[in-house]
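Numbering (full-length UniProt numbering) for the sequence shown: 43 to 407.
Every residue gets a Cβ at the ideal spot worked out from N, C-alpha and C, and that includes glycine.
In this text, all values refer to a predicted model and were calculated from it rather than measured experimentally.
Only one structure is covered here, and it is reproduced in the block below.
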Amino acid sequence: EQGVVVSADRPAIRLTGLTKSFGGAANAVDGIDLDIAEGEFFSMLGPSGSGKTTVLRLIAGFEQPTAGTVSLLGEDVTDRAPFDRDVNTVFQDYALFPHMSVLDNVAYGLRVRGVSRRERHAQARQALETVRLGGFGDRKPGQLSGGQRQRVALARATVVRPKVLLLDEPLGALDLKLREQMQVELKELQRELGITFIFVTHDQEEALTLSDRIAVFNEGRIEQLGTPAEIYDRPLSPFVAAFVGTSNIFPDALSRAVLGRGGMHALRPEKVTVGRADAVPSTQRTAPGTLAEVIYVGSTSRLIVDLDAGMRIIALEQNDAHRVTEDERGSRVSVGWQDSDIVALEKATADTTDPATDPATDTAT
Ligand code: ATP
Numbered sequence: 043e044q045g046v047v048v049s050a051d052r053p054a055i056r057l058t059g060l061t062k063s064f065g066g067a068a069n070a071v072d073g074i075d076l077d078i079a080e081g082e083f084f085s086m087l088g089p090s091g092s093g094k095t096t097v098l099r100l101i102a103g104f105e106q107p108t109a110g111t112v113s114l115l116g117e118d119v120t121d122r123a124p125f126d127r128d129v130n131t132v133f134q135d136y137a138l139f140p141h142m143s144v145l146d147n148v149a150y151g152l153r154v155r156g157v158s159r160r161e162r163h164a165q166a167r168q169a170l171e172t173v174r175l176g177g178f179g180d181r182k183p184g185q186l187s188g189g190q191r192q193r194v195a196l197a198r199a200t201v202v203r204p205k206v207l208l209l210d211e212p213l214g215a216l217d218l219k220l221r222e223q224m225q226v227e228l229k230e231l232q233r234e235l236g237i238t239f240i241f242v243t244h245d246q247e248e249a250l251t252l253s254d255r256i257a258v259f260n261e262g263r264i265e266q267l268g269t270p271a272e273i274y275d276r277p278l279s280p281f282v283a284a285f286v287g288t289s290n291i292f293p294d295a296l297s298r299a300v301l302g303r304g305g306m307h308a309l310r311p312e313k314v315t316v317g318r319a320d321a322v323p324s325t326q327r328t329a330p331g332t333l334a335e336v337i338y339v340g341s342t343s344r345l346i347v348d349l350d351a352g353m354r355i356i357a358l359e360q361n362d363a364h365r366v367t368e369d370e371r372g373s374r375v376s377v378g379w380q381d382s383d384i385v386a387l388e389k390a391t392a393d394t395t396d397p398a399t400d401p402a403t404d405t406a407t
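Okay, here's the thing in C-alpha cells:
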C-alpha cells in the first residue's frame with residue numbers, strides 16, 4: 043500500500059496483552075496484541091460497547107491499562123502522561139475553543155509547545171490551507187458549518203505533526219452527503235501528511251472505504267484483522283460475516299442440506315441469483331424456494347426467498363438485470379450460486395444468533 047512503511051521491529055503502535063477492566067464482569071478491553079505500521083490508515087470497527095474507544099484512550103494515555111503495554115515507535119509509553127506521547131486525538135465533538143478564532147484554535151498546540159506567535163500563525167495558516175479553509179482564520183467556530191468545524195479540528199490536530207493521529211468517530215456528527223465528502227478528504231489528507239491514522243468507527247462502509255487494514259472488535263477482543271477485501275470477502279466468523287455487510291449464514295445442518303458440506307458457511311447477497319423455477323440454471327448450484335418479498339432499493343432490489351430446505355435467503359440484484367418482478371411474490375423460484383462464493387466460517391462466535399439470516403432485522407433493507 044502507498045505510504046505504508048512496514049517495519050516489523052518498529053511499528054508506529056504496538057499493543058501487547060492490552061487489558062482494561064472497569065470493574066464489571068467482563069473486561070472492556072481483553073488482552074489485545076496488535077501492531078500498526080507507520081503511515082497506515084488503520085480502523086477499529088465494531089458495535090457499540092465493543093471496546094474501540096477504550097483502546098484509543100489507552101493509546102492516548104487518558105486511561106491506564108489494567109495489564110499490558112502500549113509502545114510508540116519502539117518505545118514503551120505505558121506510564122507516560124498524554125501530553126508526553128507523540129499522539130494527538132480528534133474527538134467526535136471536535137472540542138474547539140468557542141471563544142478563540144479559528145486561527146488561534148489551530149495554533150493552540152504550537153503555543154503550548156512554546157512556538158513564537160509569528161511562527162505558529164504561519165504554520166496554522168498553512169494547516170488551514172491544507173484543509174481548504176484558507177480564508178476562515180478570523181472566524182469563530184460558531185460561525186462555521188459542521189463540516190468546516192470538523193476540518194478545523196483536523197488542522198488543529200495535524201499542525202503539530204504528531205506521529206500518530208487518533209480519530210474517534212470524527213465524522214459521526216455529519217450528515218450522509220457531507221460525511222462521504224469528508225471521507226475522501228480525510229483519506230487525501232492522510233496520504234499527503236504520511237501520518238499514521240487510527241480511526242474508530244461503527245460504520246462498516248466507512249471502514250471499508252478508508253482503511254489500509256481493519257480490526258473488527260467484538261466484546262473487547264479483535265475478532266478479525268485484515269485488509270478491507272479480506273474482511274469483506276473472507277470473514278472468518280459469523281459475527282464478522284454479519285457485522286461487515288450482509289451475509290446469508292448457513293448453520294451446520296443447513297450447510298449439509300443446501301450446500302452439501304458440513305460446518306458454518308456464509309454467502310453474500312450479491313452473489314445469489316434468483317430465477318424462475320423452470321429456467322435453465324446459469325450457476326453451478328441451485329436450490330428451490332418461494333419468493334417471499336421484493337424490496338426496491340434504487341439501483342438494486344433485495345429479494346427474499348424461503349428455501350424449501352427451511353431457511354430464508356437474501357439476494358441483491360441490479361435492477362437492470364432483474365429477472366423476477368414484484369408481482370411474482372409468492373411464486374416458485376430457483377436460487378443459484380457458485381461454489382467459489384461460499385465462505386467457510388472457521389472461527390466460532392459464542393453468540394450464533396445471526397441477524398443476517400432474518401431479513402426482518404436487517405437494517406440495510
Ligand atoms: P461506542 O461505539 O459506543 O463508543 P466502543 O466500542 O467505543 O463503543 P467503549 O466505549 O470502549 O466501546 O466501551 C467498552 C466497554 O467499557 C463498555 O461496556 C462500556 O460500558 C465500558 N466502559 C467504557 N468506559 C467506561 C468507564 N469510564 N467506566 C466504566 N465502564 C466503562
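For a cut-off of 8 Å, the C-beta gap from residue 236 to residue 81 is around 5 Å, short enough to register as a contact. Per the DSSP secondary-structure output, residue 344 pairs in a beta bridge with 337 and 358. For residue 239, the shortest separation between its Cβ and any heavy atom of the ligand ATP does not lie below 7 Å. Residue 60 places its beta carbon less than 8 Å from that of residue 74. Residue 313 counts as buried, since at least 16 other C-beta atoms from the protein chains shown sit within 10 angstroms of its C-beta. Taking C-alpha positions only, residue 326 is separated from residue 389 by approximately 27 Å. Relative to the Cα of residue 246, the nearest Cα in the group 233, 262 and 269 belongs to 269. Residue 384 carries a coil assignment under DSSP once its states are collapsed to helix, strand and coil.
Of the candidates 108, 374 and 96, the residue whose Cα lies closest to the Cα of residue 317 is 374. Residue side-chain check: residue 85 keeps its Cβ at 7 Å or more from all non-hydrogen atoms of the ligand ATP. In the DSSP assignment, the residues bridged to residue 378 are 315 and 328. Taking a cut-off of 8 Å on C-beta distances, the stretch 102-110 does not touch the stretch 181-188, as fewer than three cross pairs fall below it.
Excluding its 5 nearest sequence neighbours in each direction, residue 386 has C-beta neighbours in its own chain below 7 Å: 305 and 307, listed in chain order. Here the C-alpha atom of residue 376 lies approximately 6 Å from the C-alpha atom of residue 328. It is roughly 32 Å from the alpha-carbon of residue 177 to the alpha-carbon of residue 102. Contact check for residue 129 against residue 208 passes: the beta carbons are separated by less than 8 Å. Residue 109 has its CB no nearer than 7 Å to any heavy atom of the ligand ATP.
Scanning its chain for C-beta atoms nearer than 7 Å, with the 5 sequence neighbours on each side dropped, one finds around residue 298 the residues 304, in chain order. Where residue 237 is concerned, there is no enclosing alpha helix (DSSP H), because DSSP gives it neither an H nor an E. Here residue 259 is bridged, per DSSP, to 264. A heavy atom of the ligand ATP is found nearer than 7 Å to the CB of residue 64.
Within the stretch 192-248, the runs of alpha helix (DSSP H) at least 4 residues long that lie entirely inside it are, in chain order, 218-235.
When only Cα atoms are considered, residue 125 and residue 90 end up about 28 Å apart.
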